Structures are given as C-alpha cells and as structure tokens.
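Student: The structure is given below, and queries will be raised subsequently.
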Amino acid sequence: MTQVEEYLAKSGELERLSKHLHERLEQSGWYDQVSTLASAELSAADSLNFDSITQQVTAKAMAMVSEDIKVEMLQLIRSIVDQVVEKV
C-alpha cells in the first residue's frame, strides 16, 4: 500500500471518496446500465463461463463511466493529495 493509499484509508477519505463515487454512479444511471449490459451478456453467452463474462462486462462497464464523473473524481483525489503534501 502506498503512503497516499494508507493516508486515504486511515483518514476516512477513501470511504468518503467511495461513497461519493457510488452516489454519482447511481445518479447517472450507471448501475442500471451495467445491470442491463450484464443481462445481455448472459443471454448472448454460449456457455456460462463466469470469468469470461465478468471480464467482458467489467471492460465495458469501465468505459461506460462518464467523463464528467472521471474528471470530478480525479479533482477530488488531487485536492486530497495536495492537502497531504501541504501538511508534510
């Protein structure tokens, strides 16, 4: 674990970031889109290979996260890192 990851975990910032990301993904409808995607992948699969379906869905789901959310999360993380650097 890096020092930044350790700080995020110990300070509670990691949990705060995770909750914020979850809320934003929920607001954007991402969870519903991923659920629909997973159902479609399962229906289209010739065989039910969990690892294969998981890899396909994961790659597509990551790409479905809006740029706005990605930028927002990066800005939040950068802000926290800047605060840590200022304290050092």
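With the working numbering, letter number 35 in the sequence shown gets 35, and the count goes up by one each step, no holes.
For glycine and all other residues, C-beta sits at the position ideal for the given N, C-alpha and C.
Remember, it's a predicted structure, so these values are computed and weren't measured experimentally.
(1) Just to confirm the assignment, what range does the alpha helix (DSSP H) spanning L76 have?
(2) What does the alpha-carbon distance come out to for the pair I69 and H22?
(3) What is the DSSP secondary structure of D46, counted as helix, strand or coil?
(4) Taking buried to mean at least 16 other C-beta atoms within 10 Å of its own C-beta, is L25 buried or exposed?
(5) Using the C-alpha atoms, what's the distance from G12 back to S143?
Tutor: Quick look at the numbers:
(1) For this step, residue 76 is matched to residue 76 along the sequence shown. Here the alpha helix (DSSP H) through L76 covers 67-87.
(2) On the sequence shown, position 69 is the one that residue 69 refers to. On the sequence shown, position 22 is the one that residue 22 refers to. Using only the alpha carbons, I get a separation of about 10 Å.
(3) On the sequence shown, residue 46 is found 46 positions in, with the first residue counted as 1. In the structure shown, D46 sits in coil (DSSP, three-state: anything other than H, G, I, E or B).
(4) For the purposes of this step, residue 25 is taken as residue 25 along the sequence shown, with counting starting at 1. Counting Cβ neighbours within 10 Å, L25 comes out buried, since at least 16 surround it.
(5) Here the chain covers residues 1 to 88 and nothing more, so residue 143 does not appear.
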